[in-house]
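Report on one structure; see the data block that follows.
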Amino acid sequence: MAIEIERKFLLANDGWRAAVERSEPIAQGYLVGARALREGHAHASVRVRLAGERGWLNIKAARLGIERAEFEYPILLDDARILLATLCDGVLEKTRHYVRVDSTLFEIDEFAGDNRGLVVAEVELPAVDAPFPRPPWLGREVSTLAHYYNVNLIAHPYRQWSPAEHTAGDAAC
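To convert, note that position 35 of the sequence shown is 34 in numbering that gives the first Met the number 0; the numbers rise steadily by one, no gaps.
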């Protein structure tokens, strides 16, 4: 079984921008998304993603926390486009920026559309307790806050959040 260990953070400032190695546009949607998960009809999200000129199918366990089962498979680019256009409940768009700090890669997602204004940094780790650098631009950790999960941003976009939702934990969402 493939296990993803990922921590997610808000950003404290734009200091990361000068260190971007590369960026790519991403569009993604869910074949099994937030509603099915929330209503208990599914144990995993099923995501279709276009990343640059590549298509991906991703299955991720519906579980809060930094450690989750995840499976990812390449799919034909045209298939990914068709799935996004016809079978997904919505499409989330973002630009992913790659920033390396020492030997650690941070993936910084800058969201567009109804999620414009949300920018998060993710770091994948080899172990739950693995150390990693904390650059000054890394802000509050939101790894366990479900409303920051991409699967939830389609049904409840960032630009529709109340002021309380921007600062509170899951109880406010």
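By construction, the Cβ of each residue, glycine as well, lies at the ideal position given by its N, Cα and C atoms.
| Asked | Found |
| --- | --- |
| Counterpart residues of ASP13 in DSSP-defined beta bridges | Partner(s): none; ASP13 has no beta bridge. |
| Cβ-Cβ separation, VAL47 to LEU83 (assumed contact under 8 Å), whole Å | 6 Å |
| Contact the region 26-36 vs the region 1-12: 3+ CB pairs below 8 Å | no |
| One or two residues paired with GLY49 in a DSSP bridge | According to the sequence as given, residue 49 is Leu; it is not Gly. In DSSP, LEU49 forms a bridge with ALA26 and GLY54. |
| Touching by the beta-carbon criterion (3+ pairs, under 8 Å), the region 74-93 and the region 10-26 | yes |
| Alpha-carbon spacing of GLU71 relative to LEU49, whole angstroms | 13 Å |
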